[in-house]
Amino acid sequence: MDRRDFLKNICLFISSGAVVGGLSPDAWAKLIHKDYDPAKHYYGMGIDIDKCIGCGRCMQACKTENDVPGVPYFFRTWVERYVIKTDKSVTVKTISTNLEELADSFVEKDMLRSFFVPKLCNQCDHPPCVQVCPVGATFKTDDGVILVDGKRCIGCRYCIQACPYGARYLHPETRVADKCTFCYHRLVRGLLPACVEVCPKQARVFGDMKSIASPLGRFIRMNKLHVLKPSLNTDPKVYYANLDGEVN
Amino acid sequence: MKEFFNKLPEQAVRVIVVFLVLAVGLFVIRQFIIPPEMKEPALQKLSSMEREADKEVKYAGAQVCGQCHEKEHDIKKTGYHRDLSCESCHGAAQKHADNPTDVKPTSPKKRDYCGYCHTYNSSRPTGFPQINPDTHNPRKPCITCHNPHNPKPPQTPRSCAACHAQIERTKAASYHALLGCTVCHNTPEKHKTAPRTIRPTKPDTREFCGKCHDKASPGKGVPAVDMNAHGEKYVCWQCHYPHMLGGI
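Sequence order for the protein chains is R and A.
3 is the number of the first residue of the first sequence in my numbering; add one for each residue after it.
793 is the number of the first residue of the second sequence in my numbering; add one for each residue after it.
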């Protein structure tokens, strides 16, 4: 072999290595769970403020279903109690899942109006949290849910800062960002998210926006809807009915 | 080939060997050690969704419960708790569904659990059944009087005062004390179950009040005015509050 052949061989070797290395495994076309195809769905949630009784069962169920730490401050979904007094002052407080603490704040004086607002990740169509993630750990699935890849997340908290709805928190044990997934593991099995399942007043309505006959489709047709912070153009997929103007 | 290597100076061979080892090392690391989902974003997304989908389901859903507990399911679906999922009270029961004999779900038999929804809270929607636990049969478990699968108030609210107590008390001290609410308000039966969406009517014409208060009307001892001259274009209740006829 002369020098020319040697160089030729080297070139071949390197390029073939690159080709083999770049080939993708055949896991590509695999469905993520049995016959569930994400491209056939697009999920959203409706919340009727007039129906919410502030019992906090959704918060409790979410913690149980998703192994969210039991202590307060860590929530994937939470319920805020708005109290607007006669002097127009507004107080907002996240309700407790503990009955004794809950009962402490039950009666207010000089109340003009008051109501509960359940909140969760709005699963924005244009999610700011996905934009800021420096490692691409958070992403939007084909069925419209924003997920966090716990293996890739470096826990830098940019997304927690970027979320205008305060829907994310840093999980104290795994040290990665965590948020509502619409109970993705339940969706792929055809079940409802845990908070919707336990809601005693059906204040939360869940459904597929690609299906006209879903309960959410009816909710969207029958109510005057509002989303949180519409001016930010995040295009949330959590729709509120009978929302008060004081809520933001 | 051998001749070619023999001709090379020793230091050149060493450099080539070092580079070869590096190249092979890099190839091996990229090909076999780095997992494919770290190299391909689409694959990373897919594997992350798979991991999310594989998470453990803890709430089985009401349909699963109904497959065995037919009796409770049937009783519940006609009562006021029809929208309430079994697991809202009995807790997450997927483990019980998988292994019905060994794992039993909880059954809240004490007084406190019902309080999550039914303790009086000024923020709760009007008409939602609420009690003050300190005065409502203290220390007695709720289930002694109410069947949780088909709850009924021991006495269904007969009068409007069940919810509109303040108006009832005001009216009792007014000249209109002897008039029933339905004399002026046409109240659909459904207002009892959907108090905010289905509302009673209010008298919206001057002629309605004129039936008693016009000079030409037959009532005796009723303050009467000339409906044509009095009050111009205004409807009566814009100046007079009919529930509280003090000096107005």
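Every residue, glycine too, gets a C-beta built ideally from N, C-alpha and C.
On a CA-only basis, which of the options is nearest residue i? Give me that one, please.
{"i": "S914(A)", "options": "I222(R), G56(R), C201(R)", "result": "G56(R)"}
{"i": "T93(R)", "options": "D112(R), N100(R), P202(R)", "result": "D112(R)"}
{"i": "P930(A)", "options": "K944(A), G919(A), G907(A), P917(A)", "result": "G907(A)"}
{"i": "K90(R)", "options": "L114(R), H128(R), L149(R)", "result": "L114(R)"}
{"i": "C1028(A)", "options": "L818(A), A815(A), L838(A), C976(A)", "result": "C976(A)"}
{"i": "D846(A)", "options": "C185(R), G48(R), K231(R), S116(R)", "result": "C185(R)"}
{"i": "K153(R)", "options": "H1005(A), I821(A), M841(A)", "result": "M841(A)"}
{"i": "D39(R)", "options": "R5(R), N124(R), D145(R), L227(R)", "result": "D145(R)"}
{"i": "F77(R)", "options": "F117(R), D4(R), I97(R), K87(R)", "result": "I97(R)"}
{"i": "E82(R)", "options": "F118(R), M61(R), D7(R)", "result": "F118(R)"}
{"i": "K239(R)", "options": "L230(R), L245(R), D246(R)", "result": "L230(R)"}
{"i": "K887(A)", "options": "Q922(A), V849(A), G817(A)", "result": "V849(A)"}
{"i": "Y44(R)", "options": "L234(R), F208(R), E102(R), N250(R)", "result": "F208(R)"}
{"i": "I935(A)", "options": "F920(A), G919(A), K902(A)", "result": "K902(A)"}
{"i": "L971(A)", "options": "P892(A), K984(A), N798(A), S951(A)", "result": "S951(A)"}
{"i": "V198(R)", "options": "H865(A), V895(A), H1032(A), Y851(A)", "result": "Y851(A)"}
Would you mind reading off the limits of the beta strand (DSSP E) that contains residue i?
{"i": "M61(R)", "result": "Looking at the DSSP string, M61(R) is not in any beta strand (DSSP E); the run it does join, the alpha helix (DSSP H), is 59-68."}
{"i": "D50(R)", "result": "45-50"}
{"i": "D210(R)", "result": "206-210"}
{"i": "P120(R)", "result": "113-122"}
{"i": "T96(R)", "result": "92-96"}
{"i": "L149(R)", "result": "148-150"}
{"i": "E981(A)", "result": "From DSSP, E981(A) is part of no beta strand (DSSP E); its letter is neither H nor E."}
Below 8 Å between beta carbons: does that hold for residue i and residue j?
{"i": "F196(R)", "j": "E67(R)", "result": "Checking the sequence, you will find Ala at residue 196(R) rather than Phe. The answer is yes: Cβ separation under 8 Å."}
{"i": "I222(R)", "j": "Y242(R)", "result": "no"}
{"i": "H873(A)", "j": "P943(A)", "result": "yes"}
{"i": "R988(A)", "j": "D52(R)", "result": "yes"}
{"i": "V178(R)", "j": "R59(R)", "result": "no"}
{"i": "K212(R)", "j": "K95(R)", "result": "no"}
{"i": "H1005(A)", "j": "A1021(A)", "result": "no"}
{"i": "G853(A)", "j": "L218(R)", "result": "no"}
{"i": "I253(R)", "j": "P136(R)", "result": "Outside the modelled stretch of chain R, which goes from 3 to 250, sits residue 253(R), for which no answer is possible."}
{"i": "G1025(A)", "j": "D1018(A)", "result": "The sequence shown places Lys at residue 1025(A), not Gly. Cβ atoms of K1025(A) and D1018(A): not closer than 8 Å."}
{"i": "I1075(A)", "j": "H941(A)", "result": "Residue 1075(A) cannot be examined here, being either before or after the span of chain A that is shown, 793 to 1040."}
{"i": "I156(R)", "j": "C123(R)", "result": "no"}
Cutting at 7 Å between CB atoms, please list the residues of its own chain near residue i, excluding the five before and the five after it.
{"i": "N924(A)", "result": "Y912"}
{"i": "H882(A)", "result": "P897, T898, S899"}
{"i": "H956(A)", "result": "none"}
{"i": "P827(A)", "result": "none"}
{"i": "I86(R)", "result": "V92, L114, R115, S116, E248"}
Using a cut-off of 9 Å between C-beta atoms, extract the partners of residue i located in chain C.
{"i": "D890(A)", "result": "The chain labelled as chain C is not found among the protein chains of the depicted structure, namely R and A."}
Less than 6 Å between C-beta atoms, sequence neighbours within five positions excluded: which residues of the same chain meet that for residue i?
{"i": "H35(R)", "result": "V190"}
{"i": "E960(A)", "result": "A953"}
{"i": "C131(R)", "result": "T140, C161, A164, C165"}
{"i": "C1001(A)", "result": "C1028"}
Quick check on DSSP: helix, strand or coil for residue i?
{"i": "D840(A)", "result": "Note on identity: in this sequence residue 840(A) is Ser, with Asp being the wrong assignment. Helix, per DSSP."}
{"i": "T936(A)", "result": "helix"}
{"i": "I923(A)", "result": "strand"}
{"i": "Y186(R)", "result": "helix"}
{"i": "I12(R)", "result": "helix"}
{"i": "D904(A)", "result": "helix"}
{"i": "V975(A)", "result": "helix"}
{"i": "R736(A)", "result": "Given a span of 793 to 1040 for chain A in the structure shown, any question on residue 736(A) remains unanswerable."}
{"i": "V249(R)", "result": "coil"}
{"i": "D890(A)", "result": "helix"}
{"i": "K1003(A)", "result": "helix"}
{"i": "K794(A)", "result": "helix"}
{"i": "D180(R)", "result": "strand"}
With a threshold of 7 Å (Cβ to nearest heavy atom), would residue i be considered close to the ligand FMN?
{"i": "Y1026(A)", "result": "Absence of the ligand FMN is noted for the structure shown, with no ligands found whatsoever."}
What residue range does the alpha helix (DSSP H) around residue i cover?
{"i": "A880(A)", "result": "Strictly speaking, residue 880(A) in this sequence is Ser, with Ala absent from that position. Its alpha helix (DSSP H) spans residues 878-882."}
{"i": "A804(A)", "result": "802-820"}
{"i": "I156(R)", "result": "First-last for I156(R): undefined, no H or E at that position."}
{"i": "V132(R)", "result": "130-134"}
{"i": "I959(A)", "result": "957-964"}
{"i": "V1014(A)", "result": "Run containing V1014(A): none; DSSP gives neither H nor E here."}
{"i": "F221(R)", "result": "217-224"}
In its own chain, which residues sit with a C-beta less than 8 Å from the C-beta of residue i, not counting the 5 before and 5 after it?
{"i": "L838(A)", "result": "E829"}
{"i": "T962(A)", "result": "H1035, M1036"}
{"i": "E175(R)", "result": "P71"}
{"i": "A969(A)", "result": "K963"}
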